[in-house]
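Just so we're aligned: 265 in the working numbering is position 250 of the sequence shown, and the numbers increase by one with no gaps anywhere. Here a beta-carbon is modelled for each residue, glycine too, at the ideal position from N, C-alpha and C.
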Amino acid sequence: MSQAPRVRILLSETYNPWFNLATEDWIFRELDPSTQTLFLWRNDNTVVIGRNQNPWSECNLTRMEEDQVFLARRTSGGGAVFHDLGNTCFTFLSAKEGYNKTANVTILLDALSRLGVTAQASGRNDLVIPLEDGPRKISGSAYRETKDRAFHHGTFLIHANLSRLANYLTPHPKKLESKGSASVRSRVMNIRDLQPEASHESLVKAMIGAFCDFHGATAEPELLEPSFLEGQPSLQRTFDHYASWDWRFGNAPRFSHQMVEYLSWGFFEVHVDAENGHVTRAQVFSDALYPDLVQDLQTAITGKPHSRDGMRQAVAEVRARHPSQERELGELETWLMGQVEV
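What follows is the structure, given as structure tokens:
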């Protein structure tokens, strides 16, 4: 008779997405190969993009900044999603030889059944509720594997604010031409639309029950808090990575950005190509009466981060060469910084 796999259950006590994604990655790398692990967590007001996505084309970064919404990037593929406390996130982690995505889906459907919700798998990634006017998505998943380890993670929509989901995943009307992945928008609904009493706490209880019953084992949930970082230097480094600008923005694929404006001292048309969050090529067209300044601006922008700080640095270099155009460059700086959004 085969021995039941040892199970481990981890519950995050923080809503910080960088902590939760870092913890997920840390668990993945530090995983005991003999363990089937379930990690349950929530993020507060966060847009999470896939590994190969471009935040400038996927997200309304201006609105996110105004509303103090986190931007996070995960290591797995897939599209952009919005998380608030109405989303419950789950992660199954295991050694690759013990990885069974079909079994994980069975656990998810069993957990929903314990809440009185009948759902079904749809395609490779989604769980849906079949309705008369068509299926509605309540859960989406993404996956990651290495030679000896694997995980399957996703979210449940319990009582998410679906209007905010649409707001933050609608690109800002800039002239952006992205060569990265475009998110596929799906028809979604909340579990509470069917079961008004459903909550994060009730779903966590159902998930733990379904997980333990499937594996024929039990475990006491372990609570993880930010103070856990203090005793885990490798987790602290992973958290710093997930929180960094280079990972969240600098990992973007190639894209082009066109900026056009009439300033008080001339017409400006600026074209930039960017890759990995930095400008690889810039062209500046203008009828302004300072041709050397325009040429210096084109040179200064190239190589800078495609960010407000990058534009500030570029204008500062031009200002050092053209100090008598302080007023004009101040207007130019304000405009450029407003165009790049972050």
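ALA118 beta carbon less than 8 Å from that of ILE2:
Nothing about residue 2 can be reported from this structure: the residues present for the chain run from 16 to 357 only.
Is ARG88 buried or exposed, if buried means 16 or more other CB atoms sit within 10 Å of its CB?
Along the sequence shown, read from residue 1 onward, the residue named residue 88 stands at position 73. Buried, because 16 or more other Cβ atoms sit within 10 Å of the Cβ of ARG88.
Beta carbon of PHE43 nearer than 8 Å to that of LEU25
Counting from 1 along the sequence shown, the entry for residue 43 is found at position 28. Counting from 1 along the sequence shown, the entry for residue 25 is found at position 10. With contacts defined by Cβ atoms closer than 8 Å, PHE43 and LEU25 do not form a contacting pair.
Which residues does DSSP pair with LEU86 in a beta bridge?
Along the sequence shown, read from residue 1 onward, the residue named residue 86 stands at position 71. Answer is VAL62.
Following the continuous alpha helix (DSSP H) through ASN67, name the residue where it begins and the one where it ends.
Looking up residue 67 in the sequence shown gives position 52. Counting along the chain, ASN67 sits inside no alpha helix (DSSP H), nor does DSSP assign it H or E at all.
Should the region 264-282 be regarded as contacting the region 291-302, the criterion being three or more beta carbon pairs within less than 8 Å?
Touching, per the Cβ criterion.
Cβ pair THR77, PRO32 closer than 8 Å:
In the sequence shown, residue 77 corresponds to position 62, counting from 1. In the sequence shown, residue 32 corresponds to position 17, counting from 1. Not in contact: THR77 and PRO32 (Cβ atoms no closer than 8 Å).
Within 10 Å of its beta-carbon, does ALA331 have 16 or more other beta-carbons around it, so buried, or fewer, so exposed?
Residue mapping note: residue 331 aligns to position 316 of the sequence shown, counting from 1. With fewer than 16 other CB atoms across the displayed protein chains lying within 10 angstroms of its CB, ALA331 is exposed.
Across which residues does DSSP place GLY169 in a beta bridge pair?
Translated into positions along the sequence shown, residue 169 becomes position 154. Among the bridge pairs identified by DSSP, GLY169 is matched with PHE105 and SER156.
Kindly provide the ranges of any beta strand (DSSP E) runs that are 3 or more residues long and lie completely inside the region 192-248, ordered along the chain.
Counting only runs of 3+ residues, the beta strand (DSSP E) found wholly inside the region 192-248 occupies 237-239, in chain order.
Integer Cβ distance of ILE223 from VAL132, believed to fall under 8 Å
Counting from 1 along the sequence shown, the entry for residue 223 is found at position 208. Counting from 1 along the sequence shown, the entry for residue 132 is found at position 117. That pair is no contact at about 17 Å.
If distances are taken between C-alpha atoms only, which option among PHE105, GLY113, GLU80 and THR103 comes closest to PRO48?
In the sequence shown, residue 48 corresponds to position 33, counting from 1. Distance from the Cα of PRO48 is smallest, within the candidate group PHE105, GLY113, GLU80 and THR103, for GLY113.
Chain-order list of residues whose beta-carbon lies under 7 Å from that of TRP350 (same chain, five-residue window excluded):
Numbered from its first residue, the sequence shown carries residue 350 at position 335. Once the five neighbours on either side are set aside, the close Cβ partners of TRP350 are GLU276 and LEU278.
If you check the beta carbons only, do ASN183 and PHE300 fall under 8 Å apart?
As a first step, residue 183 must be located in the sequence shown, where it is residue number 168. As a first step, residue 300 must be located in the sequence shown, where it is residue number 285. Note on identity: in this sequence residue 183 is Tyr, with Asn being the wrong assignment. Result no, Cβ atoms of TYR183 and PHE300 do not sit closer than 8 Å.
Drop a sphere of 10 angstroms on the beta-carbon of LEU304, count the other beta-carbons inside from all chains shown, and report buried for 16 or more, exposed for fewer.
The residue given as residue 304 occupies position 289 in the sequence shown. The residue is exposed, with fewer than 16 neighbouring Cβ atoms inside 10 Å.
Report the option in LEU177, MET274, THR317 and ASN35 whose CA atom is closest to the CA atom of GLY101.
In the sequence shown, counting from the first residue as 1, residue 101 sits at position 86. Out of LEU177, MET274, THR317 and ASN35, LEU177 has the C-alpha closest to the C-alpha of GLY101.
Which residues does DSSP pair with GLY281 in a beta bridge?
Your numbering for residue 281 matches position 266 in the sequence shown. DSSP lists LEU278 as partners of GLY281.
What first and last residue would you give for the alpha helix (DSSP H) that runs through ALA329?
Translated into the one-based positions of the sequence shown, residue 329 becomes position 314. Where ALA329 is concerned, the enclosing alpha helix (DSSP H) starts and stops at 323-336.
Tell me the rounded alpha-carbon separation between ASP234 and LEU108.
Position 219 of the sequence shown, counted from the first residue, corresponds to residue 234. Position 93 of the sequence shown, counted from the first residue, corresponds to residue 108. The sequence given here has Ala at residue 234, not Asp. The straight-line gap from Cα to Cα measures roughly 15 Å.
Proximity to GLN210 [Cα-Cα], best of GLY231, ILE144 and ARG252
Residue mapping note: residue 210 aligns to position 195 of the sequence shown, counting from 1. If we check each option's Cα against that of GLN210, ILE144 comes out closest.
Which residues does DSSP pair with GLU290 in a beta bridge?
Start at 1 with the first residue of the sequence shown, and residue 290 comes out as number 275. DSSP links GLU290 through a beta bridge to HIS293.
Around the Cβ of PRO188, are there at least 16 other Cβ atoms within 10 angstroms (buried) or fewer (exposed)?
As a first step, residue 188 must be located in the sequence shown, where it is residue number 173. Annotation note: pLDDT 46 at PRO188 (below 50); position unreliable, no value reported.
By alpha-carbon positions, which one of ALA37, GLU28 and THR50 ends up nearest to ALA232?
Looking up residue 232 in the sequence shown gives position 217. Of the residues ALA37, GLU28 and THR50, the one whose Cα lies closest to the Cα of ALA232 is THR50.
Excluding sequence positions up to five away, which residues of its chain have a Cβ less than 6 Å from the Cβ of ARG200?
Residue 200 sits at position 185 when you count from the first residue of the sequence shown. For ARG200, the predicted model reports a pLDDT of 47, less than 50, meaning its position is unreliable; a value from the coordinates is still stated below. Excluding five sequence positions before and after ARG200, none of the CB atoms of its chain fall closer than 6 Å to its own CB.
With distances taken Cα to Cα, identify the nearest neighbour of ASN67 among ALA95, ALA181, VAL84 and ASN58.
The residue you call residue 67 lines up with position 52 of the sequence shown. Per the Cα distances, ALA95.
For ALA110, list the residues DSSP reports as bridge partners.
For the purposes of this step, residue 110 is identified with residue 95 of the sequence shown, where counting begins at 1. In the DSSP output, where bridge partners are listed per residue, ALA110 has ARG164.
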